[in-house]
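Residue numbers (my numbering): 9 to 181.
Where a beta carbon is used, it is the ideal one built from N, C-alpha and C, also for glycine.
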Amino acid sequence: MIRLIIEDLKTQHEGILSQGFWALLCYRLSHPRMRCRIPVVRHIWFVLNCILRKFAEMATGIMLPESAVIGRRLTIEHFGTIIIHGSVVIGDDCIIRQGVTIGNRHMDKPMSAPQLGNRVQVGAGAKVLGAISIGDDAVIGANAVVLKDVPASAVAVGIPAQIRMPKLSAAGS
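#1: Among the candidates Asn126, Ile13, His114, whose CA atom is the shortest distance from the CA of alanine 139?
#2: Which two residues bound the contiguous beta strand (DSSP E) that contains glycine 111?
#3: Can you tell me the Cα-Cα spacing of proline 159 and proline 73, whole angstroms?
#4: Less than 8 Å separating the beta-carbons of serine 38 and arginine 61?
#5: Taking 8 Å as the cut-off, does the stretch 67 to 87 touch the stretch 102 to 122 (at least 3 CB pairs, one atom from each stretch)?
#6: Does DSSP classify isoleucine 59 as helix, strand or coil?
#7: Ends of the beta strand (DSSP E) at isoleucine 13?
#8: Does valine 158 come out as helix, strand or coil in the three-state DSSP assignment?
#9: Taking the alpha carbon of methionine 173 as the point to measure from, which residue in Asp144, Val153, Leu33 has its own alpha carbon closest?
#10: Taking the C-alpha atoms as reference points, what is the distance between glycine 23 and leucine 33?
#11: In three-state terms, what does DSSP make of glutamine 129?
#12: Tell me which residues share the same chain as isoleucine 167 and place their Cβ nearer than 8 Å to its Cβ, disregarding the 5 neighbours each side in the sequence.
#13: So, helix, strand or coil for isoleucine 140, using DSSP?
#14: Pick helix, strand or coil for alanine 121, following the three-state DSSP scheme.
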């Protein structure tokens, strides 16, 4: 856990002054509670986590529930109004900007949430909703509303998002 926290600190451009770092720190300290098998410890941890999480949400405007699965070196470029659903999976080396919501789409399926691959970039104001998959190296444009799967290395832009595949160079690379 300490290694993850140090990586998070190095990833944030403003270092220890970054609100993104503080939100991630609270997440990293609370996420291991999900694996705790000792009921009394888990309960005490839960109470402390509720207080810590609410403080972090009020101070940063970033909601990172302990039940979400967040990979290594997540960068939160700008803070404020970032909502992550508790069932979301985020891969390694992703970037999330301000005003982003990654969550469920339908109230009758409250646990359905997106899965983001590695090195995914999510632009400011984007909404990624439902039980969808965002492939490795994909880019979600600013203010896009993504409601369907995005293949690896693709770009999703618009409302609703349209998928644009990268153009291959003449050399075929």
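Let me lay it out:
#1: In the sequence shown, residue 139 corresponds to position 131, counting from 1. With distances taken between Cα atoms, alanine 139 lies closest to His114.
#2: Taking the first residue of the sequence shown as 1, we reach residue 111 at position 103. Here the beta strand (DSSP E) through glycine 111 covers 109 to 111.
#3: Numbered from 1 along the sequence shown, position 151 holds the residue referred to as residue 159. Numbered from 1 along the sequence shown, position 65 holds the residue referred to as residue 73. Cα to Cα, proline 159 sits roughly 26 Å from proline 73.
#4: Along the sequence shown, one-based indexing puts residue 38 at 30. Along the sequence shown, one-based indexing puts residue 61 at 53. Result yes, Cβ atoms of serine 38 and arginine 61 sit closer than 8 Å.
#5: yes
#6: Here residue 59 refers to the residue found at position 51 of the sequence shown. If DSSP states are grouped into helix, strand and coil, isoleucine 59 belongs with the helices.
#7: Numbered from its first residue, the sequence shown carries residue 13 at position 5. First-last for isoleucine 13: 10 to 19, but that is the alpha helix (DSSP H), not the beta strand (DSSP E).
#8: Taking the first residue of the sequence shown as position 1, residue 158 is located at position 150. Correct three-state label for valine 158: strand.
#9: The sequence position of residue 173 within the sequence shown is 165, counting from 1. If we check each option's Cα against that of methionine 173, Asp144 comes out closest.
#10: Here residue 23 refers to the residue found at position 15 when the sequence shown is read from its first residue. Here residue 33 refers to the residue found at position 25 when the sequence shown is read from its first residue. Distance between the alpha carbons of glycine 23 and leucine 33 is about 12 Å.
#11: Start at 1 with the first residue of the sequence shown, and residue 129 comes out as number 121. Residue state, collapsed to three classes: strand.
#12: Position 159 of the sequence shown, counting from 1, holds the residue named residue 167. Excluding sequence neighbours, isoleucine 167 sits near Asn151, Ala152, Val153.
#13: Numbered from its first residue, the sequence shown carries residue 140 at position 132. In the structure shown, isoleucine 140 sits in coil (DSSP, three-state: anything other than H, G, I, E or B).
#14: Here residue 121 refers to the residue found at position 113 of the sequence shown. Coil at alanine 121, not helix or strand.
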